[in-house]
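Colleague: In UniProt numbering, the protein residues as written are 1 to 393.
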Amino acid sequence: MSIRSAVVLAAGEGSRLRPLTKHRPKPMLPAATKPILEYVFDALVDAGITEITVVVGYGHTHVQSHFGSTYRDASLEYVVQDKQLGSGHALLAAESAVSEPRLVLNGDQLVAGQIVEDVCNAHESADDAIATLGLIRHANVGEYGGVICEDDGTVETIVEHPRDDRSYQLNAGVYAFDPELFDYLHGPEPHLNEYSLVDGIANAIDAEETVRGVTSDGIWIDATYPWDLLEVAETLFESADGIESTVSSTARVHGSATIVEPVAISADCVVGPGAVVGPNVALGENVTVGANAVIERSVVDADTRVGSGAALVDCVTGRNVRVGTGSTVVGGPGDVRVGDRVHEGERLGALLADRVRDDGGATYAPGTIVGSDAVINAGTTVRGTVDDGTEVQ
1 MSIRSAVVLA AGEGSRLRPL TKHRPKPMLP AATKPILEYV FDALVDAGIT
51 EITVVVGYGH THVQSHFGST YRDASLEYVV QDKQLGSGHA LLAAESAVSE
101 PRLVLNGDQL VAGQIVEDVC NAHESADDAI ATLGLIRHAN VGEYGGVICE
151 DDGTVETIVE HPRDDRSYQL NAGVYAFDPE LFDYLHGPEP HLNEYSLVDG
201 IANAIDAEET VRGVTSDGIW IDATYPWDLL EVAETLFESA DGIESTVSST
251 ARVHGSATIV EPVAISADCV VGPGAVVGPN VALGENVTVG ANAVIERSVV
301 DADTRVGSGA ALVDCVTGRN VRVGTGSTVV GGPGDVRVGD RVHEGERLGA
351 LLADRVRDDG GATYAPGTIV GSDAVINAGT TVRGTVDDGT EVQ
């Protein structure tokens, strides 16, 4: 039976991406100029999927209002996970909608369409497998999940955050499974009060069910921290299955402005005289770049205004940000505090979350994070972490 249905797990917040995720979930953050989740849907539709069940939770209205009931002729059905208790719990929320083999994907990671197709084809041809996993060769397996397969592709070991020196492949978070897998998601008791999909698959392996893995090539990237959104955009620009450098037909670029590819300039953007945009810049819809402003290696989200003579380097913004005349984000690397941890030497000039207002002439030290609705008074030097709603004088 050809797989035509999928479950997309899009219920999580992405707490390490705060303050960007204060007002919307991680799957709705920008991968260049469109939400991460949109790339996931594209990969599914391109692989022939026509029915998609989306498990939503934190900020679910943002997902539902943006996508509605269809995407590129595929139907979208939403299931709300009231409490985020792990990937296995999220899949269990959709159990009543599953009666035949289907795919399951993480909705907050970018994956190549080739990975989805390879998993579908491998599962359809493996009559004995209760599940099939998409795998890639990746250096940072320890940060995610690792898989070891036998020579015939049968999964021998699957583990989250492996710490030993065995030769793991990375679990890409793309699965095909039969409905019988739900029996193993229900037990035994969850680890640390979370039901992990990986634990459920491990339960099936322990019960001598056959689980297979298939290795693929192509994009796999996860935005764990705010500066990762810069890497996501660059990866999409550089990859053959990513995005092309584009300027929307409804964007207005002044004749004296300079566009340095690769760039993605969305609908209704305005780039003023003498401005320089690029390389590796993504401008969301309705962004205005003032006269003689400079933007390099940055992701600028929708409805943002960058004032005349301002300079943004290695900068990530939320929506509806106002950067005043002559303000400067000097660029990374910088030390960035996320929660209780300081990440040293990360390539982040500054993160300006939703609705930050900068009155002009401000300077942002490398690694600065400014929370949503903060006000930066004229001429201020900003560094470290500025909490939501703070006025900096």
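Ideal Cβ positions, reconstructed from N, Cα and C, are used throughout, including at glycine.
State the Cα-Cα distance for the pair glutamate 238 and arginine 322, rounded to the nearest angstrom.
Modeller: Against the sequence shown, residue 238 aligns to sequence position 238. Against the sequence shown, residue 322 aligns to sequence position 322. Approximately 29 angstroms between the Cα atoms of the pair.
Colleague: Going by DSSP in three states, serine 266 sits in which element: helix, strand or coil?
Modeller: Within the sequence shown, residue 266 is the residue found at index 266, counting from 1. Three-state DSSP puts serine 266 in coil, outside helix and strand.
Colleague: If we count Cβ pairs, one from each stretch, closer than 8 angstroms, do we get three or more for the stretch 2-15 versus the stretch 38-56?
Modeller: In short, these stretches touch, since the Cβ pair count reaches three.
Colleague: Can you give me the C-alpha to C-alpha distance between residue 408 and leucine 110, rounded to a whole angstrom?
Modeller: Outside the shown range of the chain (1 to 393) lies residue 408, about which nothing can therefore be said.
Colleague: Could you check what DSSP says for leucine 236 in three-state terms: helix, strand or coil?
Modeller: Locating residue 236 in the sequence shown gives position 236, where the first residue counts as 1. Three-state DSSP puts leucine 236 in a helix.
Colleague: Going by other Cβ atoms of all chains shown within 10 Å of its Cβ, with 16 needed for buried, is alanine 207 buried or exposed?
Modeller: Translated into positions along the sequence shown, residue 207 becomes position 207. Exposed, because fewer than 16 other Cβ atoms sit within 10 Å of the Cβ of alanine 207.
Colleague: Quick one: is histidine 161 buried, meaning 16 or more other Cβ sit within 10 Å of its Cβ, or exposed?
Modeller: Against the sequence shown, residue 161 aligns to sequence position 161. Result: exposed.
Colleague: Can you tell which of Ala126, Gly173 and Val214 has its C-alpha closest to the C-alpha of serine 196?
Modeller: Here the question's residue 196 lines up with position 196 in the sequence shown. Comparing Cα positions, the closest option is Gly173.
Colleague: With DSSP as the reference, please indicate the residues paired to glutamate 77 in a beta bridge.
Modeller: As a working note, residue 77 is residue 77 in the sequence shown. According to DSSP, which records beta bridges pairwise, glutamate 77 is partnered with Thr53.
Colleague: Taking only runs of the beta strand (DSSP E) that begin and end inside the stretch 365-392, which ones reach a length of at least 3 residues, in chain order?
Modeller: Taking only runs of at least 3 residues, the beta strand (DSSP E) segments lying wholly in the stretch 365-392 are 368-370.
Colleague: Leaving out the 5 sequence neighbours to the left and right, which residues in its chain are closer than 8 angstroms to glycine 290 when beta-carbon positions are compared?
Modeller: Counting from 1 along the sequence shown, the entry for residue 290 is found at position 290. Cβ within range, chain order: Gly272, Ala275, Arg305, Val306, Gly307, Ser308, Gly309, Ala310 and Thr325.
Colleague: What residue from Asp335, Gln64 and Asp152 has the CA that sits closest to threonine 212's CA?
Modeller: For this step, residue 212 is matched to residue 212 along the sequence shown. Here residue 212 turns out to be arginine, not threonine, going by the sequence shown. With distances taken between Cα atoms, arginine 212 lies closest to Asp152.
Colleague: Within 10 angstroms of the Cβ of threonine 288, are there 16 or more other Cβ atoms? Answer buried if so, exposed if not.
Modeller: Stepping through the sequence shown from its first residue, residue 288 is reached at position 288. Result: buried.
Colleague: Verify whether the separation of the beta carbon atoms of glycine 278 and isoleucine 259 is less than 8 angstroms.
Modeller: Position 278 of the sequence shown, counted from the start, is the residue given in the question as residue 278. Position 259 of the sequence shown, counted from the start, is the residue given in the question as residue 259. A contact, by the Cβ cut-off of 8 angstroms.
Colleague: Once you ignore the five residues that flank isoleucine 219 on each side, which residues in its own chain have a CB closer than 8 angstroms to its CB?
Modeller: Locating residue 219 in the sequence shown gives position 219, where the first residue counts as 1. The answer, listed in chain order, is Leu110, Val111, Ala112, Thr235, Leu236, Ser239, Asp241 and Gly242.
Colleague: Please identify the residue among Ile3, Ser266, Glu391 and Thr21 whose C-alpha is closest to the C-alpha of proline 226.
Modeller: For the purposes of this step, residue 226 is identified with residue 226 of the sequence shown, where counting begins at 1. The shortest Cα separation from proline 226 among Ile3, Ser266, Glu391 and Thr21 belongs to Thr21.
Colleague: For leucine 197, report the span of its beta strand (DSSP E) as first-last.
Modeller: In the sequence shown, counting from the first residue as 1, residue 197 sits at position 197. Note, leucine 197: premise wrong, no beta strand (DSSP E); alpha helix (DSSP H) at 197-206.
Colleague: Is the distance from the Cβ of glutamine 169 to the Cβ of threonine 215 below 8 angstroms?
Modeller: Translated into the one-based positions of the sequence shown, residue 169 becomes position 169. Translated into the one-based positions of the sequence shown, residue 215 becomes position 215. Yes, the Cβ-Cβ distance between glutamine 169 and threonine 215 is below 8 angstroms.
Colleague: If we require 3 or more residues per run, which beta strand (DSSP E) segments fall completely within the stretch 268-337?
Modeller: List check, beta strand (DSSP E) in window: 281-283, 294-296, 298-300, 311-313 and 315-317.
Colleague: Under the assumption that leucine 44 contacts glycine 107 (Cβ atoms under 8 angstroms), give the Cβ distance between them as a whole number of angstroms.
Modeller: For the purposes of this step, residue 44 is taken as residue 44 along the sequence shown, with counting starting at 1. For the purposes of this step, residue 107 is taken as residue 107 along the sequence shown, with counting starting at 1. Not a contact, Cβ separation roughly 10 angstroms.
Colleague: How far does the alpha helix (DSSP H) with glycine 113 in it reach, from first residue to last?
Modeller: Along the sequence shown, one-based indexing puts residue 113 at 113. 113-125 is the extent of the alpha helix (DSSP H) around glycine 113.
Colleague: Can you tell which of Val232, Val159, Ile221 and Asp217 has its C-alpha closest to the C-alpha of isoleucine 205?
Modeller: Your numbering for residue 205 matches position 205 in the sequence shown. Among Val232, Val159, Ile221 and Asp217, the Cα nearest to that of isoleucine 205 is on Val159.
Colleague: Report back the beta-carbon spacing between arginine 337 and threonine 385 to the nearest angstrom; my notes put them in contact at under 8 angstroms.
Modeller: Here residue 337 corresponds to residue number 337 of the sequence shown, with the count starting at 1. Here residue 385 corresponds to residue number 385 of the sequence shown, with the count starting at 1. Sure, about 5 angstroms apart at Cβ, within 8 angstroms.
Colleague: Quick one: Cα of alanine 257 to Cα of asparagine 292, how far?
Modeller: Within the sequence shown, the letter at position 257 stands for residue 257. Within the sequence shown, the letter at position 292 stands for residue 292. Approximately 8 angstroms, taken between the alpha carbons.
Colleague: Can you tell me which of Asp301, Gly332 and Ile52 puts its alpha carbon nearest to the alpha carbon of alanine 31?
Modeller: For the purposes of this step, residue 31 is taken as the residue at position 31 of the sequence shown. Comparing Cα positions, the closest option is Asp301.
Colleague: Could you tell me which residues DSSP pairs with glutamine 169 in its beta bridges?
Modeller: Taking the sequence shown and counting its residues from 1, one reaches residue 169 at position 169. Its beta-bridge partners are Val147.
Colleague: Cα separation between serine 69 and serine 5?
Modeller: Looking up residue 69 in the sequence shown gives position 69. Looking up residue 5 in the sequence shown gives position 5. C-alpha separation (whole angstroms): 15 angstroms.
Colleague: Just to confirm, are aspartate 373 and aspartate 388 a CB contact at a threshold of 8 angstroms?
Modeller: Along the sequence shown, read from residue 1 onward, the residue named residue 373 stands at position 373. Along the sequence shown, read from residue 1 onward, the residue named residue 388 stands at position 388. A contact, by the Cβ cut-off of 8 angstroms.
Colleague: Return yes when the Cβ of valine 370 is within less than 8 angstroms of the Cβ of glutamate 391, no when it is not.
Modeller: By one-based count along the sequence shown, residue 391 stands at place 391. By one-based count along the sequence shown, residue 370 stands at place 370. Going by C-beta atoms, glutamate 391 is not nearer than 8 angstroms to valine 370.
Colleague: Secondary structure at glycine 142, three-state DSSP: helix, strand or coil?
Modeller: Working through the sequence shown from its first residue, we reach residue 142 at position 142. Here glycine 142 sits in helix by DSSP.
Colleague: So, at 8 angstroms on beta carbons, what are the nonlocal neighbours of aspartate 222 in its own chain, with the 5 sequence-adjacent residues on each side left out?
Modeller: Sequence index remark: in the sequence shown, residue 222 carries index 222 (1-based). Hits under 8 angstroms: Asp108, Gln109, Leu110, Tyr144 and Asp228.
Colleague: Going by DSSP, what residue range makes up the beta strand (DSSP E) through histidine 343?
Modeller: For this step, residue 343 is matched to residue 343 along the sequence shown. Looking at the DSSP string, the run of the beta strand (DSSP E) that includes histidine 343 is 341-346.
Colleague: Just grab the DSSP bridge partners of glutamine 64 for me.
Modeller: For the purposes of this step, residue 64 is taken as residue 64 along the sequence shown, with counting starting at 1. None, per the DSSP bridge assignment.
Colleague: At the level of alpha carbons, what is the spacing between glutamate 344 and alanine 365?
Modeller: As a first step, residue 344 is located in the sequence shown; it is residue number 344 there, counting from the start. As a first step, residue 365 is located in the sequence shown; it is residue number 365 there, counting from the start. When rounded, the distance between both Cα atoms is 14 angstroms.
Colleague: Report all residues from its chain with a CB closer than 7 angstroms to the CB of glycine 360; omit the five preceding and five following residues, and keep chain order.
Modeller: Within the sequence shown, numbered from 1, the residue matching residue 360 stands at position 360. Cβ within range, chain order: Gly307, Gly324, Thr325, Gly326, Ser327 and Ala378.
Colleague: Provide the residue span of the beta strand (DSSP E) that contains isoleucine 130, from first to last.
Modeller: One-based indexing of the sequence shown puts residue 130 at position 130. That run of the beta strand (DSSP E) goes 129-136.
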